[in-house]
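Protein chains: 2
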Amino acid sequence: MRVAVDALGGDNAPGEVILGALEAAADGIDVTLFGPRGLDTHGLPLVETTEVIAMADKPAEAVRAKPDSSLVACVRAVADGAADAAVSAGNTGAMLAAGLLHMRRLPGVLRPAIAVPIPARQGPSVLVDAGANADARPEHLVQFAHMGSVFSEELLNVHRPEVRLLSIGEEDEKGNQLTIETHRLLREDDRLNFAGNAESRDLLRGIADVVVADGFTGNIALKLLEGTIAELLAELRQEIGATPMGKLGGLLIRPAARRLRKRLDPDTYGGAYLLGLRGLAVIAHGNSGRTAVANAIRLAARGAEHRVVERLAERLPERVRV
Amino acid sequence: MRVAVDALGGDNAPGEVILGALEAAADGIDVTLFGPRGLDTHGLPLVETTEVIAMADKPAEAVRAKPDSSLVACVRAVADGAADAAVSAGNTGAMLAAGLLHMRRLPGVLRPAIAVPIPARQGPSVLVDAGANADARPEHLVQFAHMGSVFSEELLNVHRPEVRLLSIGEEDEKGNQLTIETHRLLREDDRLNFAGNAESRDLLRGIADVVVADGFTGNIALKLLEGTIAELLAELRQEIGATPMGKLGGLLIRPAARRLRKRLDPDTYGGAYLLGLRGLAVIAHGNSGRTAVANAIRLAARGAEHRVVERLAERLPERVRV
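Those protein sequence lines, which keep their order, are chains A and B.
Reminder that position 252 of the first sequence reads as 479 in this note's numbering, one-by-one numbering, no gaps.
Reminder that position 167 of the second sequence reads as 394 in this note's numbering, one-by-one numbering, no gaps.
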């Protein structure tokens with residue numbers, strides 16, 4: 228699988244991106260870096276680009292104003308058939324805008340969405356939308372449910388994935404106008420295995436194979452989950468370090484804490500898929516280190532191998548009649 | 228301070244509610260229980276009621292259909308001047324509906340809101356609205372900012388509390404239609420100490436004295452925070468218990484873990500204020516045990532002592548011109 232990687236995306240670019248790309252290439256993935264002339268890629272192929280999109284750039288403007296940026300060039304490589312998937316740890320909005328402009332939407336798709344696997348105790352839950360659409364309508368959320376189901380079936384090998392709608396109560400009528408109307412549409416759609424609403428308190432324990440939300444709510448939930456895990460472990464470390472007995476105990480539980488942290492670390496998952504486009508794009512965390520970048524590239528290669536875009540294209544037009 | 232307590236509210240009623248009420252009464256708070264004739268209150272005064280509102284009852288309907296329920300009777304006692312504050316661990320929606328019907332809104336208040344202190348590392352943050360208004364408009368959120376500021380000033384002794392809007396990016400223009408418009412209004416309101424947007428990832432670390440959200444987003448955030456803390460500590464316990472060395476370490480870090488858990492336990496905070504009404508109402512968690520009930524009663528007494536309703540009444544009409 229040929230993966231195009233934005234060497235200038237993210238807080239730790241280009242250093243950690245190149246090291247992550249090398250790690251993925253060592254697995255046999257055909258990685259090409261996109262970045263400025265003269266970049267030391269440690270022998271990986273380089274497509275030279277002349278522009279950079281910054282994290283703070285306005286997405287749509289930046290994508291149009293900087294057509295030869297490393298991010299846009301990666302996405303175009305997929306659109307042109309030169310690569311099977313694009314990966315960037317850069318500006319998420321720009322990745323979405325570049326995808327819409329150059330890859331374009333799959334037929335029938337109203338809005339692309341970001342799908343992220345949440346490392347729940349009962350097995351991964353796919354959260355869609357994790358932030359592509361800050362404002363969404365009920366019919367968009369129904370499509371997110373279908374996209375998440377395809378992701379869960381094709382990449383996580385789940386048979387008839389259970390779908391739940393993230394809301395503020397398990398009862399059907401609990402929620403805001405958006406979720407109440409979405410609930411009704413999901414309930415009526417017998418092509419989905421819809422099991423009702425789910426509450427956010429159970430997200431880390433595991434509430435469903437696919438968790439559906441608008442992009443604002445999904446993004447709030449994802450960042451709160453990640454931030455709370457990191458903060459709680461930091462606070463625990465601090466409390467443990469406050470006494471000699473605690474310090475000794477801390478040494479003894481270190482392997483256990485490490486196992487848990489590894490399972491919960493977003494870097495282990497590596498990235499999020501942008502679904503609903505005619506090409507495959509993976510977005511890594513802005514603060515990705517080499518491991519996270521390598522995992523995002525593996526995720527992209529895996530999605531290409533499993534032909535996720537083709538599966539969505541085959542199934543969405545028949546499934547999405549809203 | 229005279230606090231009216233719904234003896235039949237919550238999953239552990241009446242047993243734990245009565246024990247919690249006794250604990251608060253031992254502090255010198257004048258507690259009256261509301262519940263059925265013959266209830267063993269261990270000597271606390273009882274106002275006899277004949278009906279019960281269940282957790283699953285539809286709030287507005289239940290409040291009208293069961294005027295002599297323990298929950299409604301508590302709220303009415305405050306409205307009639309027989310008590311200074313009402314406490315229930317029962318149906319939150321019913322508490323809100325009873326408050327609107329019997330206490331009524333303060334002049335100028337568009338929507339009451341639920342204010343919850345979040346135990347952030349940098350000191351408590353008041354989250355408003357934590358769930359009273361699933362659908363809200365920008366002008367409602369501006370009022371929530373004012374209510375949260377009064378809470379923070381009067382009850383947490385914060386001078387010029389910093390207010391932030393919960394959104395999906397720190398930049399001014401990041402968010403959905405609701406937060407973008409709300410941001411503009413908050414920015415223009417020079418009676419508030421508004422510091423911009425905040426991201427959910429930092430909620431537990433501490434992002435502001437007052438965190439403003441619509442009730443849907445606020446409720447998702449609060450439950451996700453609580454659920455993630457509980458789940459993560461449970462998973463850590465499980466990992467630690469998986470090896471003999473881990474078990475020994477677990478014993479040694481127990482005091483540290485207990486300190487942390489105590490600080491983060493919602494029961495330590497006890498409850499949430501329903502703000503914007505002409506009387507004081509405190510809602511405790513549905514699963515409250517005796518300690519949580521006692522703390523909710525203490526919170527109610529404290530709010531009455533600090534004359535929170537009077538302060539809101541004095542300050543909201545001049546402050547809320549939206």
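Backbone N, C-alpha and C define an ideal beta-carbon position, used for all residues, glycine too.
Within the model, the alpha-carbon separation for residue 509 of chain B versus residue 473 of chain B is close to 41 Å. Between residue 514 of chain A and chain B, the shortest Cβ-Cβ separation is not below 7 Å. Annotation for residue 366 of chain A: the continuous alpha helix (DSSP H) segment containing it runs 365-383. Cα atoms of residue 462 of chain B and residue 492 of chain A: separation of roughly 14 Å, rounded to the nearest angstrom.
Taking every protein chain shown into account, the CB of residue 446 of chain B has 16 or more other CB atoms within 10 angstroms, so this residue is buried. From the listed residues A:246, A:374, A:395, the smallest Cα separation to residue 388 of chain A is found for A:374.
Residue 459 of chain B and residue 479 of chain A do not touch by the CB rule: their CB atoms are close to 19 Å apart, not below 8 Å. Per the Cβ contact rule, the region 430-441 of chain B is in contact with the region 344-360 of chain B (3 or more Cβ pairs under 8 Å). Shown here for residue 380 of chain A: same chain residues with a beta carbon closer than 7 Å to its own, the five before and five after excluded, namely 388 in chain order. Between residue 238 of chain A and residue 531 of chain A, the C-beta gap is not smaller than 7 Å, which leaves the two residues out of contact. Taking 4 residues as the shortest admissible run, the region 410-478 of chain B contains the following complete alpha helix (DSSP H) segments, listed from N- to C-terminal end: 442-467. Here residue 326 of chain B is near residue 504 of chain B, since their CB atoms are less than 7 Å apart. For residue 482 of chain A, the secondary structure class from DSSP, reduced to helix, strand or coil, is helix. Every beta strand (DSSP E) of 3 residues or more that sits fully in the region 244-289 of chain A is shown, in chain order, as 257-262, 273-275. Residue pairing from DSSP places residue 389 of chain A in a beta bridge opposite A:420.
Under the 10 Å beta carbon count, residue 254 of chain A is surrounded by fewer than 16 other beta carbons and is classified as exposed. Annotation: residue 534 of chain A has no Cβ neighbours in chain B at a cutoff of 8 Å; minimum Cβ distance is about 31 Å. Taking 7 Å as the CB threshold, residue 432 of chain B lines the interface with chain A. Residue burial is scored here from C-beta neighbours: residue 367 of chain B has at least 16 other C-beta atoms within 10 angstroms and is therefore classed as buried. At least one C-beta of chain B is nearer than 7 Å to the C-beta of residue 427 of chain A. Separation of residue 423 of chain B and residue 429 of chain A (C-alpha to C-alpha, rounded to the nearest whole angstrom) is 30 Å. Secondary structure at residue 333 of chain A: coil, using DSSP grouped into helix, strand and coil. Membership of residue 345 of chain B in the beta strand (DSSP E) is indicated by the continuous run 340-345.
Look at residue 297 of chain B here: in three-state DSSP terms it is helix. In this structure residue 536 of chain B is in contact with residue 506 of chain B, their Cβ atoms being roughly 6 Å apart against a cut-off of 8 Å. Cβ-Cβ distances below 7 Å link residue 279 of chain A to 235, 296, 297 in the same chain, with the five nearest sequence neighbours on each side left out; the list follows chain order. Contact of residue 450 of chain A with chain B by beta-carbon distance below 7 Å involves 426, 427, 428.
For residue 310 of chain B, there is no enclosing beta strand (DSSP E), as DSSP gives it neither H nor E. Taking CB atoms only, residue 459 of chain A has a neighbour in chain B less than 7 Å away. Distance from residue 230 of chain A to residue 524 of chain A at the Cβ level is roughly 5 Å; contact confirmed, criterion being Cβ atoms closer than 8 Å. Within the model, the alpha-carbon separation for residue 488 of chain A versus residue 494 of chain A is close to 10 Å. Identification of chain A residues near residue 345 of chain B by a Cβ-Cβ cut-off of 7 Å yields none; the smallest Cβ-Cβ distance measures about 11 Å. Around the beta carbon of residue 251 of chain B, 16 or more other beta carbons sit within 10 angstroms, so the residue counts as buried.
Rounded to whole angstroms, the gap between the alpha carbons of residue 406 of chain A and residue 304 of chain A is 38 Å. Here residue 538 of chain B is not bridged, per DSSP, to any residue. Distances from the alpha-carbon of residue 513 of chain B to those of B:263, B:319, B:301, B:294 put B:319 closest.
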